[in-house]
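Student: Going left to right, the sequence shown walks through residues 945 to 1264 as my numbering numbers them.
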Amino acid sequence: MSLAAPASTGTAAPARPPRRRGGSGRHRAWIPLLFISPWLVGFLVFMAYPVVYTGYLSLTDYDVINDPTFLGLDNYRELVSDEKVMLALRNTFVYTLMSVPAQLVFSLVLALLLQRAGRAAGFFRTAFFLPKMTPPVAVGVLLLMLLNGQSGLLNELLGWFGINGPNWTTDPDWVKPGLVVTSLWTVGSSVIILLAALQQVPDELLDAARVDGASWWRRLWHVVLPIISPTIYFIVVVDTIASLQSFTEAYTAFFGAGNTTYSNDAALFYAIYLFQQAFEFLHMGYASAMAVLLFAIVMVVTAVQVMLSRRYVHYTGGAR
């Protein structure tokens, strides 16, 4: 009797799934964290921990030498009654309201001119950015040389046009405008960023506006500025935060090396008074409370700018 092969049922045995390599998905999820771990460690050690510890010190009396003594909210109550805190805040806000628009307008004008530079654009980009590399301490010394009321270069230039220049460094009414003029020295990075944004404006839109008879100013106001508004918004936020923390140039010019020749109160910014409390008077707990207040102010101002951006900043494609 012959053995016949069993008839095929038409169904094949299920294929075994391929064996995964490299471990399970849960183990692979740790791989990205491994790559960003240096940043995470740096953030926790140099950012998160100092912020939390500053918040703790703001509730204490600490002079760096002795152990902190818990005070509760006493430092914050003293902030409200400290006249110099109010003076420093007022100086800082006035300077910010003056410097941010001035830097933005000056940067935009330079970027528009640089857009027309042609082959020389590379040279001028470098020339505009190089002052940004100047150490802030040197800029503070340069301020005294350029804005000296008697022999400063700026007043000499104004004298050529019959204008009697003010005492930039001694007249309290002109100290902050002088600092604003000095801040224009380092707008190179904003110029480069705005230039990159201007180069992304579609030529078709500008040609269509030109065909419709729009002047250069109307093309700038109604076409160019709305398109580059996200870049303008970014620069305004960054410059505002930097202005609220202004320190080096004003401190070098008006407070460094026991300087008593020039007006100090008009240049007393919040960061300078914070530095004095922390490292000159060793009131580290009080200075920590000032730092917490400055952090809160920056957060509130930035939040207001974010809310305003929803109305005035236009993103391509209708994204908001």
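All C-beta atoms, glycine included, are put in the ideal place defined by N, C-alpha and C.
Does DSSP put threonine 1004 in a helix, in a strand, or in coil?
Tutor: Taking the sequence shown and counting its residues from 1, one reaches residue 1004 at position 60. Strand, per DSSP.
Student: With distance defined between alpha-carbon atoms, name the residue in Ala1231, Ala1215, Trp1129 nearest to alanine 1222.
Tutor: Sequence index remark: in the sequence shown, residue 1222 carries index 278 (1-based). The residue with the shortest Cα to Cα distance from alanine 1222 is Ala1231.
Student: Reducing DSSP to helix, strand and coil, say where phenylalanine 1199 ends up.
Tutor: As a working note, residue 1199 is residue 255 in the sequence shown. Correct three-state label for phenylalanine 1199: coil.
Student: Can you list, in chain order, the residues of its chain whose CB lies under 6 Å from that of leucine 1149, leaving out five sequence neighbours each side?
Tutor: Looking up residue 1149 in the sequence shown gives position 205. Taken in chain order, the residues that qualify are Val1167.
Student: Determine the direct distance from the alpha carbon of proline 994 to that of tyrosine 1006, and round the result to whole angstroms.
Tutor: Walking along the sequence shown from the start, residue 1006 turns up at place 62. Walking along the sequence shown from the start, residue 994 turns up at place 50. Using only the alpha carbons, I get a separation of about 15 Å.
Student: Under the rule that 16 or more other beta-carbon atoms within 10 Å means buried, what is serine 1025, buried or exposed?
Tutor: To locate residue 1025, count along the sequence shown from 1; it is residue 81. It counts as exposed.
Student: Counting pairs of beta carbons, one from the region 1127 to 1139 and one from the region 1148 to 1164, are three or more of them closer than 8 Å?
Tutor: No: fewer than three Cβ pairs fall under 8 Å.
Student: Are the beta-carbon atoms belonging to asparagine 1019 and alanine 1233 less than 8 Å from one another?
Tutor: Start at 1 with the first residue of the sequence shown, and residue 1019 comes out as number 75. Start at 1 with the first residue of the sequence shown, and residue 1233 comes out as number 289. It is a contact, given that the beta carbons lie within the stated cut-off.
Student: From the DSSP output, in three-state form, read off threonine 1013 for me.
Tutor: Taking the first residue of the sequence shown as 1, we reach residue 1013 at position 69. Threonine 1013: strand per DSSP, three-state reduction.
Student: When the Cα of tyrosine 1039 is compared with those of Glu1224, Phe1239, Ser1187, which residue comes out closest?
Tutor: Here the question's residue 1039 lines up with position 95 in the sequence shown. Looking at the Cα atoms, Ser1187 is the closest of the given residues.
Student: Quick one: give me the first and last residue of the alpha helix (DSSP H) that arginine 1021 is part of.
Tutor: Indexing the sequence shown from 1 puts residue 1021 at position 77. Counting along the chain, the alpha helix (DSSP H) containing arginine 1021 begins and ends at 1018 to 1025.
Student: Using the three-state DSSP reduction, which class does alanine 973 fall into: helix, strand or coil?
Tutor: Within the sequence shown, numbered from 1, the residue matching residue 973 stands at position 29. Correct three-state label for alanine 973: coil.
Student: In chain order, which continuous runs of the alpha helix (DSSP H) of length 4 or greater are located wholly inside the region 1078 to 1162?
Tutor: Complete alpha helix (DSSP H) runs here, min 4: 1080 to 1090, 1097 to 1104, 1116 to 1127, 1132 to 1142, 1147 to 1155.
Student: Per DSSP, what kind of secondary structure is valine 1167 in: helix, strand or coil?
Tutor: The sequence position of residue 1167 within the sequence shown is 223, counting from 1. It is helical.
Student: Measuring CB to CB, does phenylalanine 1213 end up less than 8 Å from threonine 1036?
Tutor: On the sequence shown, position 269 is the one that residue 1213 refers to. On the sequence shown, position 92 is the one that residue 1036 refers to. Contact flag set, yes.
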